[in-house]
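Numbering (my numbering), first residue to last: 372 to 972.
All C-beta atoms, glycine included, are put in the ideal place defined by N, C-alpha and C.
The structure presented is a predicted model; accordingly, all values stated were derived computationally and were not measured.
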Amino acid sequence: METTEKDILRGGQFLVKETKCEDVFTLEDLNEEQKMMRESTKEFVDRELWAHWERFEKKDYAYTEECMRKAGELGLLSVAVPEAYGGMGMGFVSTMLVCDYISGATGSFSTAFGAHTGIGTMPITLYGTEEQIQKYVPKLATGEWFGAYCLTEPGAGSDANSGKTKAVLSDDGKHYSITGQKMWISNAGFCNLFIVFARIEDDKNITGFIVENDPENGISLGDEEKKLGIHSSSTRQVFFNETKVPVENMLSERGNGFKIAMNALNVGRIKLAAACLEAQRRVISEATKYANERVQFKTPIINFGAIKAKIADMATNAYVDEAACYRAAKNIEDRIAIREASGNPHQEAELKGVEEYAIECSILKVAVSEHVQHTTDEGIQIFGGMGFSADTPMESAWRDARISRIYEGTNEINRMLSVGMLVKKAMKGHVDLLGPATKVGEELMGIPSFDTPDYSELLSEEKDLLARLKKVFLMVAGSAVQKFGPDLEEHQMLLMAASDILIQIYMAESAILRTEKNAKRFGEEAQAAQIAMSKLYLYRAVDIIQQKGKEAIVSFAEGDEQRMMLMGLKRFTKYTNQPNVVKLRTQIADKVAADNGYTFD
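Set out below in structure tokens:
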């Protein structure tokens with residue numbers, strides 16, 4: 372089926388336009404080629420990574436490099452590289468799939484993989500000249516060469532554009548001389564090529580360069596960093612001392628570095644979310660197997676309600692995260708296809724396709740990285756004392772998960788970005804927030820309907836509630852924009868509260884749409900646990916939205932306006948039929964226990 376411009380929502384429009392379940396992509400929609408790709412990726416992980424997880428804990432950097440070479444031989448480093456440059460040229464969903472399933476065994480390998488295929492190779496693929504791409508990308512695609520990305524400096528982290536590294540043009544105009552210090556550089560210990568960001572003269576924005584790693588050319592490395600997790604991911608400081616770089620190795624144009632860095636982060640964010648999925652599945656499966664086998668008080672601990680609650684919440688988060696990640700990935704893939712069909716070159720189509728969904732990429736990065744941390748934490752708890760022991764993989768999973776809330780822009784930055792970008796889109800007219808927000812304001816002034824709706828159809832009450840949760844966001848964000856205008860970005864605590872509402876809406880809606888689509892295809896009985904997970908997640912989302920909505924309203928509204936908005940919050944978050952949470956959790960946990968692991972993917 373051809374996807375047309377009309378069919379797919381623009382980024383952020385999920386808030387103001389209804390999405391039909393038929394229009395979302397789910398893991399159950401994978402084609403045969405994608406399923407085979409997933410299986411071969413899982414085989415590689417089980418054989419090379421999961422079987423040797425302890426080696427990654429012992430700072431065996433050489434083993435990480437060896438596994439990267441093997442991944443290159445299998446073509447796993449080349450999925451996102453166009454065929455013309457020695458890659459597989461797969462669509463965005465397939466590249467997400469490989470990133471997802473290759474990342475579950477150890478954070479050390481997934482960091483090396485992500486740094487190489489994402490920020491190490493992709494900037495050249497998307498911004499390089501034909502000559503640059505031909506020269507470097509085929510080597511990177513096969514794993515003959517490895518890439519790294521030098522953006523962060525001691526004084527420039529979240530404020531990436533404030534870097535002090537300098538690039539000075541030679542008198543003959545043939546090369547730039549780069550001097551500066553970069554830190555937290557993944558793959559630094561074994562890479563052949565750096566993407567380096569430096570400032571030319573007093574330019575407002577930094578510039579990107581492709582720099583070959585040659586110690587004879589003023590490049591030196593610090594020692595391997597001692598880190599909480601990702602022990603076998605090579606992370607070093609990189610020092611450039613008058614490193615000569617030919618002018619033809621400038622990436623894109625002068626002053627475009629900040630833009631390259633930001634666009635690389637958009638892709639990095641959704642891929643990071645994908646990289647946290649399989650880790651959750653594996654932790655859930657390991658914890659379930661342990662709980663099925665561990666006997667206390669003459670019964671397997673899986674039979675205790677306290678353990679069931681944990682298993683149910685872990686499985687629910689993983690299921691919701693899958694739904695949201697693959698929904699957004701397919702939106703991006705479709706947007707790229709539309710742009711290519713209208714004559715855009717591949718580079719531009721991919722850049723603009725991802726940029727369109729930058730809001731969703733930030734939402735996913737925050738939600739999934741926080742879920743993986745919670746899942747690994749509960750994994751330790753289910754294992755009890757054994758979970759705290761380095762002899763089981765739970766404590767390493769917990770330590771590895773911690774970095775995901777810092778990578779690719781901290782979760783705080785991403786929370787503020789998601790709302791900030793949405794407001795900017797509204798001001799540009801790309802997403803009509805004002806119209807719907809005004810309608811919500813009028814609704815608050817009107818008399819509420821006391822009719823009892825017909826909720827006989829599957830998930831109809833949940834969908835109705837979801838539509839009202841969107842009104843909460845419009846009410847809170849609309850009033851805040853009216854009150855503070857462009858100064859809104861200075862009110863960080865309000866932005867954080869608004870973003871938590873936004874995140875919960877997108878995640879809950881994604882799960883409900885996935886379940887509705889599959890219930891229509893496979894029957895409600897076959898989707899009983901998935902229906903329970905969708906209901907449970909929404910119930911928890913409503914709690915968060917009530918709390919964050921109230922926090923925002925009492926912080927910026929006063930008097931009658933405050934009273935009216937609090938009444939609106941109550942009205943918009945009200946269930947007609949409260950779900951039986953204990954029953955939902957029991958149903959989910961029993962299914963996971965019976966399957967002896969997570970089987971919803």
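Out of 969, 701 and 740, state which residue places its alpha-carbon closest to the alpha-carbon of residue 727.
Position 356 of the sequence shown, counted from the first residue, corresponds to residue 727. Per the Cα distances, 701.
Given 8 Å as the limit, is there contact between the region 479-498 and the region 710-729, that is, 3 or more CB pairs closer than that?
Yes, they touch.
Under 8 Å between the Cβ atoms of residue 913 and residue 944?
Locating residue 913 in the sequence shown gives position 542, counting from the first residue. Locating residue 944 in the sequence shown gives position 573, counting from the first residue. Going by C-beta atoms, residue 913 is nearer than 8 Å to residue 944.
Taking its Cβ as the centre, do 16 or more other Cβ atoms sit within 10 Å of residue 938, making it buried, or is it exposed?
Taking the first residue of the sequence shown as 1, we reach residue 938 at position 567. Exposed: under 16 other Cβ atoms inside 10 Å.
Can the beta-carbon of residue 1041 be found closer than 8 Å to that of residue 911?
Here the chain covers residues 372 to 972 and nothing more, so residue 1041 does not appear.
I need the boundaries of the alpha helix (DSSP H) containing residue 456, first residue and last residue.
Against the sequence shown, residue 456 aligns to sequence position 85. Neither: residue 456 is in no alpha helix (DSSP H) and is coded neither H nor E.
With 16 as the cutoff for other CB atoms within 10 Å, does residue 871 come out buried or exposed?
On the sequence shown, position 500 is the one that residue 871 refers to. Classification of residue 871: buried, given that the 10 Å Cβ count is 16 or more.
Sorted by chain position, which residues of the same chain lie with C-beta nearer than 7 Å to residue 650's C-beta, five sequence neighbours on each side aside?
As a working note, residue 650 is residue 279 in the sequence shown. Excluding residues within five positions, the ones whose Cβ falls inside 7 Å are 474, 475, 743, 768 and 772.
Helix, strand or coil: which one does DSSP assign to residue 930?
To locate residue 930, count along the sequence shown from 1; it is residue 559. In this structure, residue 930 counts as helix in the three-state DSSP scheme.
Using only the alpha-carbon positions, how far apart do residue 446 and residue 710 sit?
Taking the sequence shown and counting its residues from 1, the one referred to as residue 446 is at position 75. Taking the sequence shown and counting its residues from 1, the one referred to as residue 710 is at position 339. Taking the straight line from one Cα to the other gives about 27 Å.
CA-CA distance, residue 660 and residue 670?
As a first step, residue 660 must be located in the sequence shown, where it is residue number 289. As a first step, residue 670 must be located in the sequence shown, where it is residue number 299. Approximately 14 Å, taken between the alpha carbons.
Are the beta-carbon atoms belonging to residue 876 and residue 927 less than 8 Å from one another?
The residue given as residue 876 occupies position 505 in the sequence shown. The residue given as residue 927 occupies position 556 in the sequence shown. It is not a contact, given that the beta carbons lie outside the stated cut-off.
Which residues in the same chain as residue 381 place their Cβ atom closer than 7 Å to its Cβ, once the five residues preceding and following it in sequence are excluded?
By 1-based counting over the sequence shown, the position of residue 381 is 10. Excluding sequence neighbours, residue 381 sits near 727, 801 and 802.
Skipping 5 residues on each side, what residues in its chain have a beta carbon closer than 7 Å to that of residue 687?
Taking the first residue of the sequence shown as 1, we reach residue 687 at position 316. Once the five neighbours on either side are set aside, the close Cβ partners of residue 687 are 904, 907, 908 and 959.
Tell me the residue span of the alpha helix (DSSP H) that contains residue 743.
As a first step, residue 743 is located in the sequence shown; it is residue number 372 there, counting from the start. Where residue 743 is concerned, the enclosing alpha helix (DSSP H) stretches over 729-754.
Per the contact definition of three or more C-beta pairs closer than 8 Å, is the region 856-873 in contact with the region 788-796?
Taking 8 Å as the limit for Cβ pairs, the verdict is that the region 856-873 does touch the region 788-796.
Once you ignore the five residues that flank residue 470 on each side, which residues in its own chain have a CB closer than 6 Å to its CB?
On the sequence shown, position 99 is the one that residue 470 refers to. Result list for residue 470: 642, 645 and 646, in chain order.
Whose C-beta lies closer than 7 Å to the C-beta of residue 504 among residues of the same chain, with five residues either side of it excluded?
Counted from its first residue, the sequence shown places residue 504 at position 133. Cβ neighbours of residue 504 beyond the five flanking positions: 456, 495 and 496.
Exposed or buried, which one is residue 819 when buried takes at least 16 other CB atoms within 10 Å?
Position 448 of the sequence shown, counting from 1, holds the residue named residue 819. Residue 819 should be labelled exposed.
Can you tell me whether residue 677 is helix, strand or coil according to DSSP?
Looking up residue 677 in the sequence shown gives position 306. In this structure, residue 677 counts as helix in the three-state DSSP scheme.
With distance defined between alpha-carbon atoms, name the residue in 777, 795 and 752 nearest to residue 729.
One-based indexing of the sequence shown puts residue 729 at position 358. Measuring from the Cα of residue 729, the nearest candidate turns out to be 795.
What does the Cβ neighbour count give for residue 888, buried or exposed, with the cut at 16 atoms within 10 Å?
Within the sequence shown, numbered from 1, the residue matching residue 888 stands at position 517. With 16 or more other Cβ atoms within 10 Å, it is buried.
Can you list, in chain order, the residues of its chain with a C-beta nearer than 8 Å to that of residue 851? Leave out the 5 residues immediately preceding and following it.
Along the sequence shown, one-based indexing puts residue 851 at 480. Result list for residue 851: 859, 862, 865, 869, 923 and 927, in chain order.
Roughly how many whole angstroms lie between the Cα atoms of residue 885 and residue 897?
Taking the first residue of the sequence shown as position 1, residue 885 is located at position 514. Taking the first residue of the sequence shown as position 1, residue 897 is located at position 526. Approximately 13 Å between the Cα atoms of the pair.
Going by other Cβ atoms of all chains shown within 10 Å of its Cβ, with 16 needed for buried, is residue 553 buried or exposed?
As a working note, residue 553 is residue 182 in the sequence shown. Under this definition residue 553 is a buried residue.
Considering only residues of the region 649-723, which uninterrupted alpha helix (DSSP H) runs meet the minimum length of 4 residues and lie entirely inside it, listed in chain order?
Whole alpha helix (DSSP H) segments, 4+ residues: 676-712.
Compare the C-alpha of residue 412 against each of 452, 934, 467 and 390 and name the closest.
As a position in the sequence shown, residue 412 is number 41, starting the count at 1. Of 452, 934, 467 and 390, the residue nearest in Cα terms is 467.
Can you give me the C-alpha to C-alpha distance between residue 400 and residue 394, rounded to a whole angstrom?
Residue numbering aside, residue 400 sits at position 29 when the sequence shown is read from its first letter. Residue numbering aside, residue 394 sits at position 23 when the sequence shown is read from its first letter. Cα to Cα, the separation comes out at about 11 Å.
Mapping the DSSP letters down to three states, classify residue 968 as helix, strand or coil.
Within the sequence shown, residue 968 is the residue found at index 597, counting from 1. In this structure, residue 968 counts as coil in the three-state DSSP scheme.
Would you tell me roughly how many angstroms separate the C-alpha atoms of residue 478 and residue 776, rounded to the nearest one?
Here residue 478 refers to the residue found at position 107 of the sequence shown. Here residue 776 refers to the residue found at position 405 of the sequence shown. Roughly 13 Å between the two C-alpha positions.
Closest to residue 697 by CA distance: which of 389, 387, 398 and 390 is it?
Here the question's residue 697 lines up with position 326 in the sequence shown. Measuring from the Cα of residue 697, the nearest candidate turns out to be 398.
If we ignore side chains and look at the alpha-carbon of each, how far apart do residue 654 and residue 750 end up?
Counted from its first residue, the sequence shown places residue 654 at position 283. Counted from its first residue, the sequence shown places residue 750 at position 379. Each residue's alpha carbon lies about 6 Å from the other.
Quick one: grab the DSSP three-state call for residue 480.
Here residue 480 refers to the residue found at position 109 of the sequence shown. Residue state, collapsed to three classes: helix.
Opposite residue 819 in the DSSP bridges: which residues?
Taking the sequence shown and counting its residues from 1, one reaches residue 819 at position 448. Paired residue(s): none; residue 819 is not in a bridge.
Leaving aside the five residues before and after residue 372 along the sequence, list all residues of the same chain whose C-beta is less than 7 Å from its C-beta, in chain order.
If you number the sequence shown from 1, residue 372 lands on position 1. Summary for residue 372: the model assigns pLDDT 43, below 50, so the residue's position carries little reliability; its value from the coordinates is reported in the next sentence. So the list is empty, once near-sequence residues are dropped.
Kindly indicate which three-state DSSP category residue 554 falls into: helix, strand or coil?
On the sequence shown, residue 554 is found 183 positions in, with the first residue counted as 1. It is a strand residue.
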